[in-house]
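In my numbering, the protein residues as written are 67 to 335.
Quick look at the structure:
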C-alpha cells in the first residue's frame with residue numbers, strides 16, 4: 067500500500083469513528099427544541115437528583131482522594147510485593163461490571179451481608195441509603211484516581227525527596243510539602259476523571275442504593291426514570307450531564323494539560 071493510500075485509509079477510519087462517537091451527542095441537542103429543554107428542566111426529578119449528585123460525588127471524591135493519595139504514595143515509593151498487590155487490588159473495580167459491583171456491595175454491607183450483622187448491632191444501615199450511593203460511587207471511581215496518582219508520584223524526582231529528608235523533614239512532611247505539590251497536575255487529572263466516573267455511575271448505585279427520589283436517585287437514575295414517562299425531561303437531564311462532561315474536559319486541559327489520563331475504563335452495567 068502506498069503512502070498516500072495508507073493516509074487515506076487512516077483518514078477514513080478516523081472520520082468514521084469520530085462521526086460514530088459524535089453523532090449520539092449531536093442527536094441529544096438536535097432533536098430537542100429550546101422550549102422543550104426548558105420544559106424538561108421543570109421536571110420535578112431534576113432538582114433533587116442534581117442536589118444529591120453534587121453531594122454524593124463530592125463526598126465520594128473526598129474519600130477516594132484522601133485514602134487513594136496515601137495508597138498511591140505507598141505503591142509508588144515502595145516497589146515491593148505488597149505494593150504490587152495493592153496496585154492490583156485498586157484496579158479491581160475497573161475490570162468488573164458496575165452491576166456486579168452493586169451486588170458485591172450489597173452482599174458486603176447489606177443487612178444479610180458479611181458486615182450486615184455487625185453494622186446492625188451498632189445501628190448502622192447502609193443499603194438503600196444516601197451513604198450507599200457514596201460508597202458505590204467511591205468504589206467504581208477509585209481506580210481512576212489511584213492509577214493517575216501512582217503514575218504522578220512515580221514521576222516525582224527521588225533526589226528532591228532525599229534532600230527534604232536530609233534537611234530534617236519527616237516522611238509525612240515530605241509527602242505533604244514535596245510529593246503532593248510536584249504531583250499536583252497528575253492528581254488533579256485523576257481527581258477530575260474520578261469525579262466524572264462518579265457522576266455517571268448507574269449500575270452499582272441502583273442495585274446497592276436503589277432509586278429513591280431525593281434519597282438515592284442521582285442524575286443518571288433520574289434520566290432512567292424520566293425515560294419511562296417524559297423523553298423531553300430525559301433529554302434535558304442528559305444534556306446537563308453532557309455539558310458537565312465537556313466543561314470538565316475543558317477545565318482539565320487548562321489546569322493539567324500535560325497530565326496523563328487514567329487508562330482504566332468502566333465496564334458496561
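We put the CB at the ideal spot given by N, CA and C, even for glycine.
Inset, instruction - State buried or exposed for residue 232, treating a residue as buried only when at least 16 other CB atoms are found within 10 Å of its CB. - result: exposed
Legend entry - Cα-Cα separation, residue 265 to residue 114: 14 Å
Inset, instruction - Return the chain-ordered list of same chain residues with a C-beta closer than 7 Å to the C-beta of residue 318, the five sequence neighbours on each side being excluded. - result: 255 and 258
Legend entry - Contact between the stretch 298–318 and the stretch 139–151 (3+ Cβ pairs under 8 Å): no
Legend entry - Cβ distance (whole Å) where residue 173 is taken to contact residue 180 below 8 Å: 7 Å
Inset, instruction - Please determine, among 177, 313, 127 and 83, the residue with the shortest C-alpha to C-alpha distance to residue 195. - result: 177
Inset, instruction - If I'm right that residue 167 touches residue 275 with Cβ under 8 Å, what's the distance once you round it to whole angstroms? - result: Wrong, their Cβ atoms sit about 12 Å apart, outside the cutoff.
Inset, instruction - Please determine, among 120, 125, 157 and 122, the residue with the shortest C-alpha to C-alpha distance to residue 138. - result: 157
Inset, instruction - Out of 133, 202, 70 and 175, point me to the one whose CA is closest to residue 211's CA. - result: 133
Inset, instruction - May I ask whether a heavy atom of the ligand MG can be found less than 7 Å away from the beta carbon of residue 156? - result: The ligand MG is not part of this structure, which contains no ligands at all.
Legend entry - Length-filtered (4 minimum) alpha helix (DSSP H) runs lying within the stretch 180–221: 182–187 and 196–220
Inset, instruction - Tell whether a beta-carbon distance below 8 Å holds between residue 216 and residue 141. - result: yes
Inset, instruction - Check residue 277 in the structure and name its three-state DSSP category. - result: coil
Legend entry - Buried or exposed by the 16-neighbour rule on C-beta atoms within 10 Å, applied to residue 294: exposed
Legend entry - CB contact flag (residue 205, residue 143, <8 Å): no
Inset, instruction - Would you mind working out which of 298, 279 and 320 sits nearest residue 118, comparing C-alpha positions? - result: 279
Inset, instruction - Check the C-beta distance from residue 208 over to residue 159 and give it rounded, since I have them as a contact under 8 Å. - result: 6 Å
Inset, instruction - From the DSSP output, in three-state form, read off residue 301 for me. - result: helix
Legend entry - Span separating the alpha-carbon of residue 332 from that of residue 299: For residue 332, the predicted model reports a pLDDT of 42, less than 50, meaning its position is unreliable; a value from the coordinates is still stated below. Cα to Cα, the separation comes out at about 26 Å.
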